[in-house]
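A.B. asks: In our numbering, the protein residues as written are 11 to 471.
We put the CB at the ideal spot given by N, CA and C, even for glycine.
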Ligand code: HEM
């Protein structure tokens, strides 16, 4: 008997050329389109197609490392202006990726994280110092989280102190990087025939890349003056440590790109994620109560808590809160995958070698076949051990997938749970302006203009 082939059902095409695109927050449009069209559709913009493949099924298919690999979006390729062939922006076939990955991996081992812990606590206390001193003034949540994560990666990775809490304005490194990321994001939508003059924006990007390179000089210079620390930190691995097999060190140009990569990747996403987690805590009093019960059980009404490394592993509900927040608003909006061979996506869409698709994490993380009828509801019990064990590992991908997934995942989780735990223990959060969530997007996402007032919980409630 001859098997009859099922008819191939094409992926729907959605032409967005006539829509008003908000380049500041394209993810909101993507979410709306995904709701209307399901997780898998082709987005057509003036004849330029992007496959948005963000259902669980698609994420499983695209995570197959035999058929797919990382694709670098135009935005990421633009970031190469300051990160070159550093880990995050190296093309798959650039040899410096494997070389640097092997050399830098020890910086993310369990024992390295244990070493960073004391510094993470010290910097978290800078944040607490600033919030204690805010008195009745508003605190800008995303800005302060950025101060904290930048100081943390600077000190733990590079022994360099950005002293961000001593500055009224963000450190100029942050401003230059944020402008650079926004510029990179805008290139996703720029068309060669748009007839506009982009020369001022292009020149500003060039100047920002130069400035960022000068910050690297300062970080390396400070190390040269201070000498090598007794334990390997990220900077000493980058500058001095030979590859475990070939014995070669990173070349000086690549080492500089790694410094920028880790300073940037090591703080921007974690701070956005923390700001989202604060937003959810403030808006879910019952979740906040449970999280408080957990930190109070651990730290009682001690006024000056200095968490141990083990304490952070014991804050299991706070970790669930952070994961749930990463589910709904993953600060890195997604990742892209290109075909390594001629293949078919989901058994129904032919792809030639080199064709690519994007997995939008906020869409994947709301797939109703995984997260139920109300996937938009914030519920940290989604991350109870039983529910986690019962679902596909591909349902939750805030850190990307495969060998190019985030190398800093454990670092970020440890830092985030530590800080959230301390803040929940110490403060009541007040939102007199009834903040309405708006997303600021520049390759990564943050809540825009989110401010709160905080009050000490003394005596503990
Ligand atoms: C890669 C997310 C924190 C360093 C990635 C990727 C994602 C991601 C989605 C993959 C990108 C792609 O496939 O194109 C996040 C999130 C974080 C976080 C959501 C915080 C909540 C960190 C931290 C560090 C870091 C703290 C360093 C200390 C990197 C690096 C890569 C990367 C170096 C490139 C890895 C490679 O290609 O070999 N991250 N990240 N990230 N991340 Fe993170």
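(1) Just to confirm, are residue 47 and residue 26 a CB contact at a threshold of 7 angstroms?
(2) Cβ atoms of residue 113 and residue 247: under 7 angstroms apart, would you say?
(3) Across which residues does DSSP place residue 348 in a beta bridge pair?
(4) Closer than 6 angstroms: is that where the CB of residue 283 sits relative to any heavy atom of ligand 1?
(5) Which word fits residue 11, buried or exposed, when buried means at least 16 other C-beta atoms lie within 10 angstroms of its C-beta?
(6) Extract the residue ranges of the alpha helix (DSSP H) inside the region 52-97, only unbroken runs of 4 or more that lie entirely within it.
(7) Tell me the DSSP secondary structure of residue 371 in three-state form.
(8) Does any heavy atom of ligand 1 sit closer than 6 angstroms to the C-beta of residue 60?
(9) Run through DSSP, which three-state label would residue 21 get?
(10) Near residue 456, what residues of its chain come up, given a Cβ to Cβ distance below 6 angstroms and the 5 sequence neighbours on each side ignored?
(11) Compute the Euclidean distance between the alpha carbons of residue 21 and residue 371, then round it to the nearest angstrom.
(12) Under 6 angstroms from any heavy atom of ligand 3, by CB: list those residues in chain order, please.
(13) Tell me the residue span of the beta strand (DSSP E) that contains residue 437.
(14) Between residue 210 and residue 192, what straight-line distance do the alpha-carbon atoms span, to the nearest angstrom?
(15) In this structure, does DSSP put residue 455 in helix, strand or coil?
(16) Should residue 128 be labelled buried (16 or more other beta-carbon atoms within 10 Å of its own) or exposed?
(17) From the DSSP output, in three-state form, read off residue 423 for me.
(18) To the nearest angstrom, how far is the alpha carbon of residue 324 from that of residue 124?
(19) Determine the burial state of residue 330: buried for a count of at least 16 other Cβ atoms within 10 Å of its Cβ, exposed for fewer.
(20) Using 8 angstroms for Cβ pairs, my map puts residue 374 next to residue 66. What's the rounded Cβ distance?
(21) What residue does the alpha helix (DSSP H) around residue 129 start on, and which one ends it?
(22) Using the C-alpha atoms, what's the distance from residue 51 back to residue 41?
(23) Quick one: residues in its chain with C-beta nearer than 6 angstroms to the C-beta of residue 98, no 5 flanking neighbours on either side, listed in chain order?
(24) Determine the direct distance from the alpha carbon of residue 392 to that of residue 411, and round the result to whole angstroms.
(25) Which class does residue 207 belong to by DSSP, given the choice of helix, strand or coil?
C.D. replies: Taking the definition as stated:
(1) Here residue 47 refers to the residue found at position 37 when the chain shown is read from its first residue. Here residue 26 refers to the residue found at position 16 when the chain shown is read from its first residue. Going by C-beta atoms, residue 47 is not nearer than 7 angstroms to residue 26.
(2) As a first step, residue 247 must be located in the chain shown, where it is residue number 237. As a first step, residue 113 must be located in the chain shown, where it is residue number 103. Cβ distance < 7 angstroms, so residue 247 and residue 113 count as in contact.
(3) By 1-based counting over the chain shown, the position of residue 348 is 338. Under DSSP, residue 348 forms a beta bridge with 79, 366.
(4) Mapped onto the chain shown, residue 283 falls at position 273. A distance criterion of 6 angstroms places the beta-carbon of residue 283 in contact range of ligand 1, judged by its closest non-hydrogen atom.
(5) Looking up residue 11 in the chain shown gives position 1. In this predicted model, residue 11 has a pLDDT of only 46, less than 50, meaning its place in the structure is not dependable enough to derive any value.
(6) You should have 66-72, 84-93.
(7) What you label residue 371 is simply residue 361 of the chain shown in a count that begins at 1. Residue 371: helix per DSSP, three-state reduction.
(8) Taking the first residue of the chain shown as 1, we reach residue 60 at position 50. If you check the C-beta of residue 60 against ligand 1, you find no heavy atom less than 6 angstroms away.
(9) In the chain shown, counting from the first residue as 1, residue 21 sits at position 11. Note: residue 21 maps to coil in three-state DSSP.
(10) The residue given as residue 456 occupies position 446 in the chain shown. Within the same chain, residue 456 has close Cβ partners 152, 282, 285, 450.
(11) To locate residue 21, count along the chain shown from 1; it is residue 11. To locate residue 371, count along the chain shown from 1; it is residue 361. Their backbone Cα atoms lie some 19 angstroms apart in a straight line.
(12) Ligand 3 is absent from the structure shown, which contains only ligand 1.
(13) Locating residue 437 in the chain shown gives position 427, where the first residue counts as 1. Residue 437 -> beta strand (DSSP E) spans 437-440.
(14) For the purposes of this step, residue 210 is taken as the residue at position 200 of the chain shown. For the purposes of this step, residue 192 is taken as the residue at position 182 of the chain shown. Near 14 angstroms, if we compare the C-alpha coordinates of residue 192 and residue 210.
(15) Numbered from its first residue, the chain shown carries residue 455 at position 445. The answer is strand: DSSP assigns residue 455 an E or B state.
(16) As a position in the chain shown, residue 128 is number 118, starting the count at 1. So residue 128 ends up on the exposed side.
(17) Here residue 423 corresponds to residue number 413 of the chain shown, with the count starting at 1. In the three-state DSSP reduction, residue 423 falls in the helix class (H, G or I).
(18) Counting from one through the chain shown, the residue named residue 324 turns up at place 314. Counting from one through the chain shown, the residue named residue 124 turns up at place 114. Residue 324 and residue 124 have their C-alpha atoms some 15 angstroms from each other.
(19) By 1-based counting over the chain shown, the position of residue 330 is 320. Buried, since its Cβ has 16 or more Cβ neighbours within 10 Å.
(20) Along the chain shown, read from residue 1 onward, the residue named residue 374 stands at position 364. Along the chain shown, read from residue 1 onward, the residue named residue 66 stands at position 56. Between residue 66 and residue 374 the Cβ distance is about 7 angstroms, and since that is below 8 angstroms, they are a contact.
(21) Position 119 of the chain shown, counting from 1, holds the residue named residue 129. DSSP places residue 129 in the uninterrupted alpha helix (DSSP H) bounded by 120-143.
(22) Position 31 of the chain shown, counted from the start, is the residue given in the question as residue 41. Position 41 of the chain shown, counted from the start, is the residue given in the question as residue 51. Roughly 12 angstroms between the two C-alpha positions.
(23) For the purposes of this step, residue 98 is identified with residue 88 of the chain shown, where counting begins at 1. So the list reads 271, 275, once near-sequence residues are dropped.
(24) Counting from 1 along the chain shown, the entry for residue 411 is found at position 401. Counting from 1 along the chain shown, the entry for residue 392 is found at position 382. Straight-line Cα distance between these residues: approximately 20 angstroms.
(25) Within the chain shown, residue 207 is the residue found at index 197, counting from 1. Residue 207: coil per DSSP, three-state reduction.
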